[in-house]
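Visitor: So that we are looking at the same thing, I have put the structure below in structure tokens.
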Amino acid sequence: KAVLADVKAFSTYLNQKGLEGKIIAVTGKNCYEWALIYLAVACGTGIIMPVDKDLREDEIDYLLRDSGAAAIVYSSEVEEKILKNKSDCIKMSMDNMGAYLDEGNALLKQGDLSYLHHRIDPYALGILLYTSGTTGVAKGVMLSQNNICSNIVNVCRMVHVSSEDRVLSVLPLHHTYECMAGFLSILFLGGSIAYNRSLKKLQADFLTFRPTIFIAVPLILESLRKMIIKKYSKIFGGNMVLNAQRTVSTLAGPLMKAKKLVFNSVNAAFGGRLRLILSGAAPLSPETFRDYERFGIKTLIGYGLTETSLVCIMHSDFYRSADDIGYPIVGVQAKISDPGEDGVGELAVKGPNVMLGYYNNPEETQKVMKDGWFYTGDLAKQKQNGAFQITGRLKSMIVLPSGKKVFPEEFEYYLMRYPYVGECMVYGVDGENGIELTVSIYPNTEEVDKRLVKDNFVPDSAEYNYAKRNLFENIIREVNEKFPKYKHIRRVILRDKEFEKTTTRKIKRTAAANLKQD
């Protein structure tokens, strides 16, 4: 009731400012005010446009001008960037929300009915979301309220969530994954949401808020997994339990006692109530999936894009597997377009969740929309049981001089299994004989140091650097053995900086800084 009262008040305030029917942007940290602004605009004023708070000034300026946004509401963290912006849109600070609500409530008491009389066309543009993307210029994805609501209802048919559940919100709310799964769906089901203060305080927030559901991207889940495995080594028999669980389904005797100690420790680290993990936005490695299941936490993978109102294929309470993304949600169709001999082709989906198109960009819309089907740009195949597997990204495909096609993801999967590899990216580079497969690696310095110091190498010495190079060349040789000769990686580059990424922690494959050869 308190949230609804605030929604009515802020929406009324916006309407009084002449913003009804307009595009209104919101940007800033995850907080109650961000959620309030989204709901107020969507329910009683106009078109809501979430904006990534970590964008540069020029990028924010582009989005505001391209969209024609009439106003932007921002949190204090981005105030400097917003106030420097020279667009004509109205700028409002979340810090003044108390005053906005007071004015809105005063208008309601005077009989202002603009919120109640605001007409919503469920099939018209209601939410405008610009894709960050790992390649190319951001495009405005137009979603209707029918897109969003159908997705919420149908996803909730796949997994049981109730008013007793609490989500710890970590990912930025401007991202469709968090907005849909961690905000709107939970609100629809009557659950509660706690906002993580920062990633550095994530462990403390688990203990404070004691969530039952955690929604995250694989990078965060992998970091937490490493932390958990470190805890095993501090408990007698912990490492033995993990290794045994990887090979047998049941444990007995002393190992069972160790298992209870270990799992109690893991459970306590997550606040003692965590029952469900939802992973999305990038591929989750089978090892990470299986380890969370071994920790006693149900783990579900969801697949989707901003263009599909996020989730279109996912695991459910009835099916989950480490090596696929599950089945289409209720009401959605999926198919493999032009499959090759191996069954791999472009994944296309159709349903009430598919976008209206790209904002002011009919040419790009026509490239991906055909006869109601949205062509995702992802390559996939179906298993014998009908579940879908993602095999790579069409745009990241590398065509070798022989005409053979290879996909970076298949190499990166094996490389990331080595503890010495922090981040990696495989791509093609022009060589004497045409395109050569190249891998750029950002080492996990902590693990590399452990290995080489143990072998009596002095850090930063010439011998140490030679041994470090040799370590990674051996890794590449091992990975190459898994592929036919024409697919072998020919060049290895060791980076001293992390890759440039999107705000959802995906490596930008075409960023100049990520392709440097030095």
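To convert, note that position 341 of the sequence shown is 957 in my numbering; the numbers rise steadily by one, no gaps.
All C-beta atoms in this analysis are idealised placements derived from N, C-alpha and C, irrespective of residue type, glycine included.
#1: Suppose you measure from the CA of Tyr1082 to the CA of Glu1052; what does that come to, to the nearest Å?
#2: Does Leu784 come out as helix, strand or coil in the three-state DSSP assignment?
#3: Please go through the segment 1029-1113 and give each complete beta strand (DSSP E) segment of 3 or more residues, from N-terminal end onward.
#4: Give me whichever residues DSSP pairs with Val965 in a beta bridge.
#5: By Cβ distance below 6 Å, which residues in the same chain neighbour Tyr793 in space, the five residues on each side in sequence not counted?
#6: Tell me the DSSP secondary structure of Pro944 in three-state form.
#7: According to the Cβ coordinates, are Val946 and Gly967 closer than 7 Å?
#8: Under a Cβ-count criterion, where at least 16 other Cβ atoms within 10 Å of its own Cβ denotes burial, should Thr1061 be classed as buried or exposed?
#9: Using only the alpha-carbon positions, how far apart do Val623 and Ala715 sit?
#10: Along the chain, where does the beta strand (DSSP E) containing Ala641 start, and where does it finish?
#11: Leaving aside the five residues before and after Asp1065 along the sequence, list all residues of the same chain whose C-beta is less than 7 Å from its C-beta, in chain order.
#12: What residue range does the alpha helix (DSSP H) around Val984 cover?
#13: Quick check on the burial criterion: 16 or more other C-beta atoms within 10 angstroms. Buried or exposed for Val667?
#14: Looking at the structure shown, is Ala810 part of a helix, part of a strand, or coil, going by DSSP?
#15: Rounded to a whole number of angstroms, what is the C-alpha to C-alpha distance between Ala868 and Arg910?
#16: Do Val642 and Val689 have their CB atoms nearer than 7 Å?
#17: When the Cα atoms are used, what is the spatial distance from Met758 to Leu1131?
#18: Checking the sheet assignment: what are the DSSP bridge partners for Tyr974?
#19: Just to confirm the assignment: which complete alpha helix (DSSP H) runs, minimum length 4, are found wholly within the segment 671-701?
#20: State the DSSP-derived secondary structure class of Val927, mapped to helix, strand or coil.
#21: Give the DSSP-derived three-state secondary structure of Lys707 in the structure shown.
#22: Span of the alpha helix (DSSP H) holding Tyr654?
#23: So, with DSSP's three-state summary, where would you put Val882?
#24: Report yes if the C-beta distance between Val833 and Arg1121 is below 7 Å; otherwise report no.
#25: Determine whether the beta carbon atoms of Ile768 and Leu800 lie at a separation below 7 Å.
#26: Apart from the five residues just before and just after Ser937, which ones in its own chain have a Cβ nearer than 8 Å to its Cβ?
#27: Classify Thr915: buried if its beta carbon has 16 or more other beta carbons within 10 angstroms, exposed otherwise.
#28: Can you check whether the CB of Ser627 is closer than 7 Å to the CB of Ala656?
#29: Does the Cβ of Ile929 have 16 or more other Cβ atoms within 10 Å, making it buried, or fewer, making it exposed?
#30: Among Gly660, Arg906, Pro899, Gly644, which has the Cα closest to the Cα of Leu811?
#31: Look up Val619 in the DSSP assignment and say whether it is helix, strand or coil.
#32: Report the residue from Gln1005, Val882, Gly888 whose alpha carbon sits nearest the alpha carbon of Ile941.
#33: When you compare only the Cα positions, how much space is there between Ser808 and Ser785?
#34: Within a Cβ cutoff of 6 Å, which residues of the same chain sit near Phe934, ignoring the five residues on either side of it in sequence?
Guide: Judging by the given coordinates:
#1: 24 Å
#2: strand
#3: 1037-1047, 1050-1059, 1107-1110
#4: Ala950, Phe990
#5: Gly896, Ala897, Leu926
#6: strand
#7: no
#8: exposed
#9: 14 Å
#10: 639-643
#11: Pro1075
#12: 978-984
#13: buried
#14: strand
#15: Residue placement at Ala868 is flagged as unreliable, the pLDDT there being 49, under the threshold of 50; the coordinate-derived value follows with that caveat. If I take the Cα positions, the gap works out to 15 Å.
#16: yes
#17: 32 Å
#18: Val757
#19: 673-683, 695-700
#20: strand
#21: strand
#22: 648-660
#23: helix
#24: yes
#25: yes
#26: His931, Ala1003
#27: buried
#28: yes
#29: buried
#30: For clarity, residue 811 is Tyr in the given sequence; the question names Leu instead. Answer by Cα proximity: Gly644.
#31: helix
#32: Gln1005
#33: 10 Å
#34: none
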